[in-house]
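Residue numbers (the numbering used here): 10 to 525.
What follows is the structure, encoded as C-alpha cells:
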C-alpha cells in the first residue's frame with residue numbers, strides 16, 4: 010500500500026492493519042478469528058493505562074470543577090482540560106474556535122413578580138408559584154379563562170386522531186411519564202409520540218406536568234433560534250396539579266379554566282462548547298468518512314445552599330466516559346500508519362439538561378452526516394458495582410440488535426477479554442435517552458456503551474473518583490479502542506438492521522442522507 014514504509018515498524022503495523030480487516034470479516038461472517046492480535050496492535054492498546062485514567066478523572070471529577078453543571082465555570086474548566094489533552098495527543102482542532110464548537114444559548118426563567126397562574130374547576134383553585142415552573146419559550150404570555158384539553162400520553166390511539174381544530178383556543182394539559190430509575194422503553198416511546206403530537210397540532214399553550222424534573226423539559230436553556238424549544242410549553246412541577254390532572258377525563262374539559270400571566274422571562278446569553286479533535290485517516294478514498302467516539306463531560310453541578318457535601322462530582326457519570334475518550338484518543342494517535350477512516354473524538358455539553366450538546370452537533374455537524382459512518386458513545390464505564398450485580402470485564406450496548414456495529418465490538422471484546430452484551434431489559438430505553446440518540450435520529454448507526462447503567466451513587470454527591478475500578482475501565486477502553494480501529498479500517502460501514510421494526514425511523518433518516 011502506498012502509505013506503508015519499508016521499515017520493520019511500518020511493515021509490522023501494516024500487517025496489523027491487514028489483520029484487523031481479517032478480524033472484521035470474521036465478525037461479519039461469524040467465523041473464528043484467524044489469529045491473536047499483532048504485537049504492534051497490543052502495544053497501541055497498552056498505552057491505555059489505569060494510572061493515566063485515574064490522573065485525568067481525579068481532576069475532571071474534583072471539587073474544583075464544582076460538578077460541571079451546564080452552564081458553569083467548572084464546565085468551562087473541564088472543556089479547557091479536554092482540549093489541552095487533545096492538543097497533547099496531536100489531534101487536529103475542529104470547530105469555530107480551535108477545538109471548540111460553540112453554541113449560543115439563552116438561559117431563561119420567570120421573574121418572581123411577573124408570573125401568576127391559577128387553575129379553577131368550580132370545586133378547587135390551584136395556584137402555581139414561579140418556582141414550580143420552567144417556561145420553554147422566551148416571550149410574554151397572557152391567558153384568561155381558557156378551556157382545558159387533556160392529552161393522555163398512554164392513549165396513543167387518541168393522540169393519533171387528535172386534530173389542530175380540537176385544541177383551538179384551548180390549553181393542552183398533559184403529563185410526562187415517571188422516568189426516575191430504570192424506566193422501560195414503552196414510556197420513552199409514549200413520550201416521543203406525545204411530543205410529536207403536540208408539534209403537529211400546535212396548541213396555543215401546553216402545560217406539561219412532571220414530578221421528576223425531566224431533564225429534556227426542565228432545562229432553562231433554549232436556542233435563540235428556537236431549535237431546542239418544545240413550542241409554547243410550560244413545565245409544571247406540582248403534586249397538587251398532577252393530582253388534579255389525574256382526575257380529568259381525556260379530551261376537552263370546558264368546566265375547568267386556566268388564567269395565566271407571564272411577563273417576558275429573564276434571560277442571559279451564554280456560550281457552551283462541544284470539544285472536538287480529529288485523527289485524520291490515511292486512505293485517500295476513506296479519509297473523508299468518520300467514526301465518532303463520544304461522551305458527555307457535564308454533570309449536575311451543585312446543590313443549593315445547605316449542610317454537607319453539595320457538589321455532584323459525576324465521576325462515573327460521565328467523567329469516566331470523558332477521560333476514556335481522552336485516553337483512547339491518545340492511544341490511537343500513536344498508530345502508524347493511521348486507520349483508513351478518520352476518527353473524531355468529541356465530548357458534549359449539556360447531556361444532563363436533555364442531550365443539548367449532541368442535539369446541537371446533530372443539527373450543526375462539523376462533518377457531513379452522510380459521511381459519518383458510526384458513533385460509539387461512552388457512558389458510565391468506570392463503576393463495576395451495578396445495582397443488578399457486578400460487571401467485571403463486561404460492557405453493554407444499547408440497542409444491540411439495531412445495527413451491526415455492536416457485533417464488531419463483541420469481536421474486539423473476545424480479543425481483549427471483555428464480554429460485550431445486549432442489555433435487553435434496559436437497552437431500548439437507554440438508547441433514546443443518551444447522546445447517541447440525536448445522531449441515530451439523523452441516520453448514523455450510533456450506540457451507547459456502558460458498564461453499569463445503574464449504580465449506588467447515580468446522580469448523588471457520592472459519585473466520587475475514588476470509587477472507580479480503574480483496571481477494569483482500562484480493559485474496557487482497550488476493547489473500545491480495538492473496535493474503533495476495526496470500524497475505521499473496514500471499507501464496509503456499519504448498517505442498520507432493517508428487519509427490526511424499532512429501527513424504522515433511523516433507517517428512514519439514513520436513506521434521506523444517502524439519496525443518490
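Glycine residues also receive a C-beta, built at the ideal position from the N, C-alpha and C atoms. From a predicted model like this one, the values you see are computed outputs, not experimental measurements.
DSSP beta-bridge partners of residue i
i, result
"residue 116", "230 and 277"
"residue 109", "106 and 284"
"residue 428", "403"
"residue 144", "243"
"residue 216", "182 and 243"
"residue 505", "412"
"residue 457", "386"
"residue 269", "126 and 152"
"residue 311", "320"
"residue 101", "287"
Member of the options whose CA lies at the smallest distance from the CA of residue i
i, options, result
"residue 380", "361, 294 and 105", "294"
"residue 520", "452, 502 and 207", "452"
"residue 484", "289, 57, 257 and 447", "57"
"residue 389", "249, 426, 334 and 159", "334"
"residue 499", "427, 431 and 413", "413"
"residue 347", "169, 81, 291 and 362", "291"
"residue 407", "511, 363, 115 and 103", "511"
"residue 454", "392, 220, 463 and 371", "371"
"residue 110", "126, 202, 162 and 283", "283"
"residue 470", "322, 400, 95 and 314", "322"
"residue 146", "114, 252 and 305", "114"
"residue 137", "247, 301 and 357", "247"
"residue 503", "438, 409 and 461", "409"
"residue 304", "357, 420, 338 and 317", "357"
"residue 106", "97, 116, 89 and 127", "89"
"residue 456", "438, 97, 466 and 467", "438"
"residue 126", "144, 259 and 77", "144"
"residue 249", "97, 93 and 128", "128"
"residue 385", "315, 84 and 337", "337"
"residue 478", "392, 445 and 196", "392"
"residue 364", "102, 421 and 440", "440"
Spatial neighbours of residue i in its chain, beta-carbon cut-off 6 Å, leaving aside the 5 residues before and after
i, result
"residue 184", "218 and 254"
"residue 237", "Annotation note: pLDDT 48 at residue 237 (below 50); position unreliable, coordinate value reported separately. For residue 237, where only same-chain residues beyond five positions count, the Cβ hits under 6 Å are 231."
"residue 474", "66, 67, 70 and 324"
"residue 180", "155, 157, 214 and 267"
"residue 405", "430, 432 and 459"
"residue 340", "53, 56, 57 and 490"
"residue 328", "66, 69 and 70"
"residue 79", "307, 358, 359 and 362"
"residue 368", "447"
N- and C-terminal bounds of the alpha helix (DSSP H) containing residue i
i, result
"residue 488", "479-498"
"residue 338", "329-341"
"residue 151", "First-last for residue 151: 150-159, but that is the beta strand (DSSP E), not the alpha helix (DSSP H)."
"residue 299", "Taken as a continuous stretch (DSSP letters only), residue 299 belongs to no alpha helix (DSSP H), being part of the beta strand (DSSP E) at 299-305."
"residue 516", "513-522"
"residue 91", "82-98"
"residue 170", "165-170"
"residue 63", "59-69"
"residue 73", "First-last for residue 73: undefined, no H or E at that position."
"residue 293", "Here residue 293 belongs to no alpha helix (DSSP H), and DSSP marks it neither H nor E."
Residue i, DSSP secondary structure in three states
i, result
"residue 394", "strand"
"residue 127", "strand"
"residue 136", "strand"
"residue 378", "helix"
"residue 48", "helix"
"residue 260", "strand"
"residue 367", "helix"
"residue 437", "helix"
"residue 78", "coil"
"residue 452", "coil"
"residue 469", "coil"
"residue 200", "helix"
"residue 43", "Only weak support is given to the placement of residue 43: the predicted model assigns it a pLDDT of 44, under 50, and the question is left unresolved by the model."
"residue 445", "helix"
"residue 173", "helix"
"residue 248", "helix"
"residue 420", "helix"
"residue 326", "helix"
Span of the beta strand (DSSP E), counted from its first residue to its last, around residue i
i, result
"residue 387", "381-387"
"residue 353", "351-357"
Beta-carbon contacts of residue i that lie in its chain and below 7 Å, excluding the five residues immediately before and after
i, result
"residue 376", "299 and 353"
"residue 38", "Because the pLDDT of residue 38 is 44, which lies under 50, any placement of that residue in the model is unreliable, and the number read from its coordinates should be weighed accordingly. Counting only Cβ-Cβ distances below 7 Å, and skipping sequence neighbours, we find nothing."
"residue 176", "158, 210 and 212"
Contacting residues, own chain, Cβ-Cβ under 8 Å from residue i (five flanking each side not counted)
i, result
"residue 296", "289, 290, 349, 350 and 351"
"residue 395", "460, 461, 462, 463 and 464"
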